[in-house]
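This report concerns only the one structure given below.
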Amino acid sequence: MQISDKYNPQDTERKWYQYWSENGFFRSVPDDRPPYTIVIPPPNVTGILHMGHMLNNTIQDVLVRRARMTGNNACWVPGTDHASIATEAKVVAKLKSEGISKNDISREEFMKHAWEWKEKYGGTILEQLKKLGCSCDWSRTRFTMEPEMSAQVIKSFVELFNKGLIYRGYRMINWDPEAKTNISDEEVIFKEQNGKLYYLKYKIENSEDFIIVATTRPETIFGDVAVCVNPNDERYLHLHGKKVTVPIVGREIPVIADEYVDAEFGTGALKITPAQDVADYEIGSRHNLQIIDCLDDDANLNHHGLHYEGKNRFEVRKAIAKELEEKGLLEKAEDYVNKVGTSERTGAVIEPKISQQWFLKMDEIAKPALDVVMNDEIKFHPERFKNTYRHWMENIRDWNISRQLWWGQQIPAYYYGDGEDDFVVAENADEALALAKEKSGNVELKPENLKQDEDVLDTWFSSWLWPISVFNGLIDAENQDVRYYYPTTDLVTGPDIIFFWVARMIMAGLEFRNEIPFRNVYFTGIVRDKQRRKMSKSLGNSPDPIELIDKYGADSVRVGILLSSSAGNDLLFDEDLMLQGRNFATKIWNAYKLIQGWEKADKGPRNAELQAIQWFENQMNKSIAGIQEQFEKFRISDALHIVYKLIWDDFCSWYLEAVKPDFGEPVSQKVYEKTIGFFGELLKILHPFMPFLTEELWQNLAERKVDEALIIAQQKPAGNFNEELISKFETTKEIISGVRNYRQSKGISPRESVEFYTGSSNFVNEDLIKKLANVSEIYFSEKTEKPSFSFLVGASEISIPLSENLDLQAEKEKTEEELIYLKGFLASVEKKLSNEKFVANAKPEIVENERKKQRDAQEKIAHLEAKLKSLG
1 MQISDKYNPQ
11 DTERKWYQYW
21 SENGFFRSVP
31 DDRPPYTIVI
41 PPPNVTGILH
51 MGHMLNNTIQ
61 DVLVRRARMT
71 GNNACWVPGT
81 DHASIATEAK
91 VVAKLKSEGI
101 SKNDISREEF
111 MKHAWEWKEK
121 YGGTILEQLK
131 KLGCSCDWSR
141 TRFTMEPEMS
151 AQVIKSFVEL
161 FNKGLIYRGY
171 RMINWDPEAK
181 TNISDEEVIF
191 KEQNGKLYYL
201 KYKIENSEDF
211 IIVATTRPET
221 IFGDVAVCVN
231 PNDERYLHLH
241 GKKVTVPIVG
251 REIPVIADEY
261 VDAEFGTGAL
271 KITPAQDVAD
281 YEIGSRHNLQ
291 IIDCLDDDAN
301 LNHHGLHYEG
311 KNRFEVRKAI
321 AKELEEKGLL
331 EKAEDYVNKV
341 GTSERTGAVI
351 EPKISQQWFL
361 KMDEIAKPAL
371 DVVMNDEIKF
381 HPERFKNTYR
391 HWMENIRDWN
401 ISRQLWWGQQ
411 IPAYYYGDGE
421 DDFVVAENAD
431 EALALAKEKS
441 GNVELKPENL
451 KQDEDVLDTW
461 FSSWLWPISV
471 FNGLIDAENQ
481 DVRYYYPTTD
491 LVTGPDIIFF
501 WVARMIMAGL
511 EFRNEIPFRN
521 VYFTGIVRDK
531 QRRKMSKSLG
541 NSPDPIELID
551 KYGADSVRVG
561 ILLSSSAGND
571 LLFDEDLMLQ
581 GRNFATKIWN
591 AYKLIQGWEK
601 ADKGPRNAEL
611 QAIQWFENQM
621 NKSIAGIQEQ
631 FEKFRISDAL
641 HIVYKLIWDD
651 FCSWYLEAVK
661 PDFGEPVSQK
671 VYEKTIGFFG
681 ELLKILHPFM
691 PFLTEELWQN
701 LAERKVDEAL
711 IIAQQKPAGN
721 FNEELISKFE
731 TTKEIISGVR
741 NYRQSKGISP
751 RESVEFYTGS
761 SNFVNEDLIK
771 KLANVSEIYF
781 SEKTEKPSFS
791 FLVGASEISI
801 PLSENLDLQA
811 EKEKTEEELI
821 YLKGFLASVE
831 KKLSNEKFVA
841 NAKPEIVENE
851 RKKQRDAQEK
861 IAHLEAKLKS
871 LG
C-alpha cells in the first residue's frame, strides 16, 4: 500500500478514531473473557481538559488498550460529575449577566437554567478526551445527576440514615461566603498571608486598668462573649471571675480560665467568639457561653455590628482598627504572618460558622476501609501512600454531607412540624407522607404539609458511589453488569483526592456491597512547570492540551508526557518532551518507509542477517517480559522506556542496519518477511502508547478485515530468550561502536575498510561486525607489531593498526593526556577507599561502586600504558 513521505497526525487521528467508534471496538458487554474494568475519575461538568487530566487519562487509556490486547474484556466507563459548587457558580454568573438574581427565582426555575447550561457546556471535556485517543465505552457515559444516578444517591442516604449512621446536628462548619455554602475540612486550603496582630484594650470592671488581648480579627469583637486566660498564668489570677468591657461594643463579658490558652502567645489573653472560631466554640461549650454570630452569609457585619452593619468583614477590619486607635483602645498593631483557611472551590477566605447540618458517622465504616488497604487487599502504587491514607483514616472526623445549594441531590428529609425531631427520611414524597403520618400519629397530614430539606448533598456523596452506581448496583444489586464488572480492576487518580474520593469509595464499596471497589490504585504525580510550580490557569503556566495535540499530534503528546511520569512522582513539564514524542513517531514512520522501499528477491539470507534475526527475536522476547513486569508494578513510564529502546535502538539503529541490503541490491524474501513480522509485533507492543500511528501503519502492512484491526489484535506473549546470546550481541555492538569511534576520532571515512586484531577466543557475530563496522579482516590470537589504536571490550583488547597517514606523535600525546587524567581519577578513588570511616559508614552498594571504579581505572591504565609502548 502506498504511504506518504510525511506522517500527518491530524488526518490519521480523525480517521482511525471514527473507525474504532463506528465498529464498536470500545464497546464492552459481559462475556466469558476475564473483565478488565476502569471507571474514569469523573471530571467536573464545568471542566475543560488540563495537563493533569491529560496525564491521568493517557495512563488509563494505555492500561485499557493493553488489557484489550492481552485477552481481557476491557471496559472503561466515562462520565462527569455535577460539581455542585462550581456549576452553581457558573449558572448564577450566567443569570446575573442576563439581569436575573438567583434570589428572585424559584428553585424549579433555577434548576431549569442549570440543566440548560449543563446540556450546552457539560460535554466539552469528554469530547476533548476523544482527541487524546481515549477508548472509553461512550455508550456507558454517566452523569452524577442523571435520574438513575440520583436515585442511587438518595437510596444510599436513606439506608445509612435508617442504620443510624446519618444524623442532623448543630456544628461549627466552614462557610464559603462566595459560594454561599459550607464545605468540608478537606476542601479548606490553608495559605500564608501577611496581616496584623492587633492588641486591643478591654477595660476591667471597677478599675481604670485594662487587659490587653491580641487578635488578628478585630472585626469579630461584636461576637465576643468572654476573655479567656490560662488558669496557671499568675499575671491574671486576680482577674478570674471579673468582668471586662468589649471595646466599642460596650458589652460586659466575664474573664474565664481554660488550659487551652497558650500563655506565651500574644498577651496570654484570648477573646472568645464562639460563632467565629472553632477553638472558641469548644471553649464556649465547656463554659456554657452565649453564642453571638456577628456575620451574615455574605461575611458582612449583621445587626450586631452596630454602625458597621452591612459592611464587608475586611473593610471593617481596617475601619475598626482606626476607630480603636482614635478612642485609645488599640495598644499597638504588629505585622504578622498567619495561615488563613481558603475555599478550594472559590478561593474565598473561609468563615467558621455555627450551623445545623447533616453528618455521616465515619468511625464505624472507616475501620474496614483502612484494613483492606493495610493488608494489601487493595494495593496502592506507589506503596508510600498507604501511610498518608492510614494517618487520615485513624484521625477521621464525621463527614458533613449537606450543602446550602440548589444544584445537586436534594436531601430526602421531609419536615411536618416545628420540633427538632419532626421530620422523616424517605426516597420520595409518597413514602415520606406515609412515614410522617405514622411517626406523628396524624393521619390527616397531606402532601402540602410536608416540606423537603432545602439543602443538597455534598458532590462527593454521589461520586463515592461511582464504581457501583455506574453499573446501577444500588438499584439492582444483582444485575448482569455489576456482577461481571464489579469490583473494578484499577483506579488511576491523583493523590490530592485520596481522602475526598479514594477512601470514601472504599468505604462505600464495603458498606453497600461488602466488596472492595477496585484492586489497585495508581497515583499519578502533579504536572508542574520547570520552576516546580503546579500548573494552573491563575499562574498562566499551563499550556492548552488541545493546542499541544494540534501542534504535535496526540501520539506524540501521549509519549512525551509519559516518558517523564513515574507513579506518584511529579512531572516537570517541558514542551521538548512533545518534540521527543514527535521525533519518535517520525523515526517509526521512516523505518516503515525504508522497509517498504526494499526490493525483494528469492535468495538465501546471509550469515550477518541470520545473526541479526536470531538476536532480535531474543531481544524482543526479553523486552516483552520486561514490559510485562513493569506493568505489573504499575511502572508505566518504565514500560514505555523499554518499548522506546526496543524500537529506536534495537530495531531501527541495529537490526535494520544489520539486514539492510547493500545499495542497489535486493533483500532476501525471508529477511523481508521476518522484518515485516517483527515490525508488526512492535506495532502491537507500541499501540497502547501510540494508538493512531500504529493503527495507520498496521493497516498499511496488509489488507485488513474489520476484525483484524490493531486495536483488538492480541499482543505476543513473552517467549523464551537466550540471555547469553543477547549478552554476546552487546559485546558485538561495543566492538562496532569502538571501530566507528576510531574512524570518527581519526577522520577516517566509513567507506574505508579497516582490520583489527583480538586475542579473544570467545568471539561471535564476525559477519555482522564486518558488515556494520566495514572491517575487512579480523585476526584472532595474534598481536600486531604496528602502532595501533586499542580499546577494551570487557576483558578483550581490540587493536586496529594505525593508518600510515596518522600523526603518531599526536596520538602518543593524546594517550599520555588520558593516562594523566585516569591516574588522577584513580588516586581520588583510592583516597576515598582508604578512608576507614567512609568504608564503615557508607552503604555497601556505594562502597562496591567505588571499588568497581577502581578496577575499571586500573584496567584502562594498563591498557593505555601498553598502547604507549606500541607507539614507541
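So for the sequence shown, the UniProt record's numbering puts the first residue at 1; every next one is plus one. Ideal placement from N, C-alpha and C gives every residue a C-beta, glycine not left out.
| Item | Value |
| --- | --- |
| Three or more beta-carbon pairs under 8 Å between the region 672-688 and the region 96-103, yes or no? | no |
| Under DSSP, the beta strand (DSSP E) around Ile173 begins and ends at which residues? | 166-176 |
| Quick check: the region 62-82 against the region 136-150, are at least 3 beta-carbon pairs closer than 8 Å? | yes |
| Exposed or buried, which one is Arg33 when buried takes at least 16 other CB atoms within 10 Å? | exposed |
| Please state if the CB of Val278 and the CB of Leu301 are separated by a distance shorter than 9 Å. | no |
| Applying the criterion that 16 or more other CB atoms from any shown protein chain within 10 Å of the CB defines a buried residue, is Met374 buried or exposed? | exposed |
| Going by DSSP, name the residue or residues bridged to Glu252. | Thr245 |
| Using 8 Å for Cβ pairs, my map puts Glu186 next to Phe523. What's the rounded Cβ distance? | At roughly 16 Å, the Cβ-Cβ gap does not stay under 8 Å, so Glu186 and Phe523 are not in contact. |
| For the putative contact between Met690 and Asp555, defined by C-beta atoms under 8 Å, what is the C-beta separation to the nearest angstrom? | 4 Å |
| Is the beta carbon of Pro274 less than 9 Å from the beta carbon of Ile256? | no |
| When burial is assigned at 16 or more other CB atoms within 10 Å of the CB, is Glu617 buried or exposed? | buried |
| In the DSSP assignment, find the unbroken beta strand (DSSP E) run with Thr37 in it and report its ends. | 35-39 |
| Determine the burial state of Arg532: buried for a count of at least 16 other Cβ atoms within 10 Å of its Cβ, exposed for fewer. | exposed |
| Which whole runs of the beta strand (DSSP E) in the region 272-356 are 3 residues long or more, in chain order? | 330-343 |
| Whose C-beta lies closer than 7 Å to the C-beta of Leu577 among residues of the same chain, with five residues either side of it excluded? | Gly560, Ile561, Leu563, Ser564 |
| Among all the DSSP beta bridges, which residues are the ones paired with Thr215? | Tyr198 |
| Ignoring anything shorter than 4 residues, give me the alpha helix (DSSP H) runs that lie fully in the region 83-154, in order along the chain. | 84-97, 107-121, 124-132 |
| Following the continuous beta strand (DSSP E) through Leu491, name the residue where it begins and the one where it ends. | 490-493 |
| Below 8 Å on the Cβ atoms is my contact criterion, and I expect Lys716 with Lys746 to pass it. Report the Cβ-Cβ distance as a whole number of Å. | Not a contact, Cβ separation roughly 44 Å. |
| Under 9 Å, do Gln699 and Ala713 count as touching if we go by C-beta distance? | no |
| In the DSSP assignment, find the unbroken beta strand (DSSP E) run with Glu420 in it and report its ends. | Where Glu420 is concerned, there is no enclosing beta strand (DSSP E), given that its DSSP letter is neither H nor E. |
| Tell me, to the nearest whole angstrom, how far the beta carbon of Ala89 is from that of Thr346; I am working on the premise that it is less than 8 Å. | 7 Å |
| Cα separation between Lys860 and Val793? | 11 Å |
| Which residue marks the beginning of the alpha helix (DSSP H) containing Ile624, and which one marks its end? | 607-632 |
| Between the beta-carbon of Gln409 and the beta-carbon of Gln452, is there less than 9 Å? | no |
| Hey, how far is the Cα of Asp11 from the Cα of Val557? | 16 Å |
| Could you check where the alpha helix (DSSP H) with Lys15 kicks off and where it finishes? | 9-22 |
| Please say whether His82 and Met145 have beta carbons closer to each other than 9 Å? | yes |
| Round the Cβ separation of Glu865 and Leu819 to the nearest angstrom and send it over; I've been treating them as touching at under 8 Å. | 7 Å |
| State the Cα-Cα distance for the pair Lys852 and Ile468, rounded to the nearest angstrom. | 56 Å |
| Tell me which residue opens and which closes the beta strand (DSSP E) that Val671 is part of. | Run containing Val671: none in the beta strand (DSSP E); it sits in the alpha helix (DSSP H), 669-686. |
| Can you give me the start and stop residues for the beta strand (DSSP E) that Val557 sits inside? | It is not in any beta strand (DSSP E) - Val557 instead sits in the alpha helix (DSSP H) that spans 554-563. |
| Let me check understanding here. Comparing Cα to Cα, which of Ser790, Leu701, Gly759 lies closest to residue 882? | Any answer about residue 882 is impossible in this case: the structure gives the chain only from 1 up to 872. |
| Does the count of Cβ pairs from the region 172-186 and the region 421-441 closer than 8 Å reach three? | no |
| May I ask which residues mark the beginning and end of the beta strand (DSSP E) holding Ala179? | Note, Ala179: premise wrong, no beta strand (DSSP E); not H, not E. |
| Pick out whichever of Ser727, Ala842, Leu640 has its Cα sitting closest to the Cα of Thr58. | Leu640 |
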